[in-house]
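Position one of the sequence shown corresponds to residue 1058 (this note's numbering), numbered consecutively onward.
All C-beta atoms, glycine included, are put in the ideal place defined by N, C-alpha and C.
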Amino acid sequence: QVQVVESGGGLVQDGGSLRLSCVASGNLVSIQNMGWYRQAPGKQRELVATITRGGSTHYVDSVKGRFTISTNNAKNTVYLQMNRLNPEDTAVYYCKVDANGTNYWGKGTLVTVLA
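Right, here's the structure in full:
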């Protein structure tokens, strides 16, 4: 069994920063990709950023230049540094871990950006 736990969400002012963390644990044979998704109220879940085991990254256009995804492979941890946040970034942020040929999701962490 694999567990995925996010942390680091909270309340921040427009223009502020937050750093999200996600730790995967359990029966991990190999992690292929890790990523962050978000779901705003009344909207579908969308991809924010992903990173492969080799370090290749991908970002949705709306966060390019503001968010940075990174990993500590030794700790099975992925981070999302979010800078210049704006109210449109308000959402529940979910971590997804692609491991053992299966996608594992965390329960999410809420990010609220005040105007």
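{"Asked": "Cβ of E1103 within 7 Å of any chain B Cβ", "Found": "Of the protein chains in this structure there is only one, and it is not chain B."}
{"Asked": "C-beta atoms of Y1161 and R1095 nearer than 7 Å", "Found": "no"}
{"Asked": "Anticipated Cβ contact below 8 Å, L1075 with M1139, distance rounded", "Found": "5 Å"}
{"Asked": "K1164 versus K1132 - alpha carbon distance", "Found": "19 Å"}
{"Asked": "Exposure of D1146, with buried meaning 16 or more beta-carbon neighbours within 10 Å", "Found": "buried"}
{"Asked": "Buried or exposed (CB count within 10 angstroms, at least 16 for buried), G1072", "Found": "exposed"}
{"Asked": "4 or more residues per run - each alpha helix (DSSP H) lying fully within the stretch 1102–1168", "Found": "none"}
{"Asked": "T1169 versus Q1070: straight-line alpha-carbon distance, rounded", "Found": "8 Å"}
{"Asked": "Beta-carbon spacing of A1148, A1097 below 7 Å", "Found": "yes"}
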